[in-house]
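Peer 1: Mind looking over this structure? Questions follow.
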Amino acid sequence: MSRLFISWLTAGAVLAFALVLSAADNPNGLDQSGKPDLKSAGALAFGPEGVLFVGDPQGAALYALGVPAGKNPASGPVKIEGVDNKIAGLLGVKAADILINDMAVQPGTGLVYLSVSRGKGPDAEPVIVTVNGKGDVTPLALEKVPFAKVTIKNAPAAGDKDARGQSKRLESITDLAYVDGKVYMAGLSNEEFASTMRVLPFPFTSSDTSTGIEIYHGAHGAFETRAPVRTFTPFVFGGEPHLLAAYTCTPLVKLPISELKAGAKLRGTTIAELGNQNRPLDIIAYQKGGKQYLLLANSARGVMKISTDDIEKQEGITTKIADKAGLGYETVAGLTGVEHLDKVDDTAAVLLVKTAAGNYNLDTIELP
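In the working numbering, the protein residues as written are 85 to 452.
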């Protein structure tokens, strides 16, 4: 999901579109040119003009890629049925043989970027494609691009498994956001506090600053340190920048940016329990009618519209919760199967929707 916040108070600058890129065209900290050695393509986020961040959990690395930027927006809102079939056709496989891992909308252009796995498992080939308002699906050429790379210093080992037998390495990067010259990266580490928020200045002049995260999980009635943040969004309240992070089952937690420090252990404040037996998938923050809202897509509880009117007054949850508590929400009628979402502008968002038939559509909606 793209999370571009050039400043904490503004949504960012307009990007431009160009057909040819070179390292000289991108002085934004992209110090290499060639083919990035991506082992996987997961979480996406846009950064400075012409820069796309790509999480590579399999390779335990974060890449910054130079991408086309220009003045002309894509023609019309993105709306395409069976986008997975179109991608699979380009890659010469069946739709069942690809996974769409994340989605980001390039600010100012309306162009949708999708990170994709061609095949399943650790040997799957990473691919990035773009989709425009005409419905054209185009692979992003990665043979010769300007890029930069930083390696995650404390990622789980490649063979590490959790209690369910799933790869911990693949959760070394679960979500990304770019704010004020820094990339915020959620995921797992090999530390005692496995749940980690990493902060990386861009350009990549140094390694990441890792903070171990502890939260109170109301549905479990316990403090926990080993479950990763699934999705998060930057948010300012009380005059202080925060990250609002959602976890499986489904705590919503505030993390003050000022407390994300190297080697620190941060206890986040759980401000909502949104219902158990559910996995949050993607989140955005937006304004409408002079008020601020969160829009949270979920595996089992639809798309939640969460009012933040009382967020500053909300006390932390520290006792076991049977179902829901804290900030309330309404379920947005008609939005089912949404797996990823991202803002186009202050009025609209693009959704990646899994249909009842198992295929995927891209749709543009007015923010509710």
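Backbone N, C-alpha and C define an ideal beta-carbon position, used for all residues, glycine too.
Whose CA, out of Asp264, Ser251, Val234, Ala409, lies closest to the CA of Gln116?
Peer 2: The candidate whose alpha carbon is nearest that of Gln116 is Val234.
Peer 1: Looking at the unbroken beta strand (DSSP E) that takes in Leu183, where does it start and where does it end?
Peer 2: First-last of the beta strand (DSSP E) with Leu183: 182–189.
Peer 1: Return helix, strand or coil for Arg314, following the three-state DSSP convention.
Peer 2: The answer is coil: DSSP assigns Arg314 none of H, G, I, E or B.
Peer 1: What is the rounded straight-line gap between the Cα of Asn274 and the Cα of Gly217?
Peer 2: When rounded, the distance between both Cα atoms is 42 Å.
Peer 1: Would Lys119 and Leu446 qualify as a contact pair, given that the criterion is a beta-carbon distance under 9 Å?
Peer 2: No, the Cβ-Cβ distance between Lys119 and Leu446 is not below 9 Å.
Peer 1: Whose C-alpha, out of Ile401, Met388, Ile299, is nearest the C-alpha of Gly412?
Peer 2: Closest by alpha carbon: Met388.
Peer 1: In this structure, how does DSSP classify Ser279 when only helix, strand and coil are distinguished?
Peer 2: Residue state, collapsed to three classes: strand.
Peer 1: Quick one: what does DSSP say Glu133 is sitting in, helix, strand or coil?
Peer 2: It is coil, neither helix nor strand.
Peer 1: Suppose the cutoff is 7 Å on Cβ atoms and the five residues either side in sequence are ignored; what does the same chain contact list for Val167 look like?
Peer 2: The answer, listed in chain order, is Val215, Val221, Tyr444, Asn445, Leu446.
Peer 1: Among the candidates His326, Ile367, Phe288, whose CA atom is the shortest distance from the CA of Met187?
Peer 2: The candidate whose alpha carbon is nearest that of Met187 is Ile367.
Peer 1: Skipping 5 residues on each side, what residues in its chain have a beta carbon closer than 8 Å to that of Ile401?
Peer 2: So the list reads Tyr300, Gly302, Pro335, Thr354, Ile355, Ala356, Glu357, Ala409, Gly410, once near-sequence residues are dropped.
Peer 1: Quick one, which of Ile257, Phe307, Leu136 has its alpha-carbon nearest Val313's?
Peer 2: Checking every option, the nearest Cα to that of Val313 belongs to Ile257.
Peer 1: By DSSP's criteria, Gly139 is part of a beta bridge. Which residues make up the other side?
Peer 2: Gly139 is bridged to Leu146.
Peer 1: Quick one: what's got a C-beta closer than 6 Å to Thr392's C-beta in the same chain, skipping five residues either side?
Peer 2: Cβ within range, chain order: Gln376.
Peer 1: Under a three-way DSSP split, which group does Asn169 fall into?
Peer 2: Correct three-state label for Asn169: helix.
Peer 1: Between Asp121 and Leu226, what straight-line distance do the alpha-carbon atoms span, to the nearest angstrom?
Peer 2: Those two C-alpha atoms are separated by around 10 Å.
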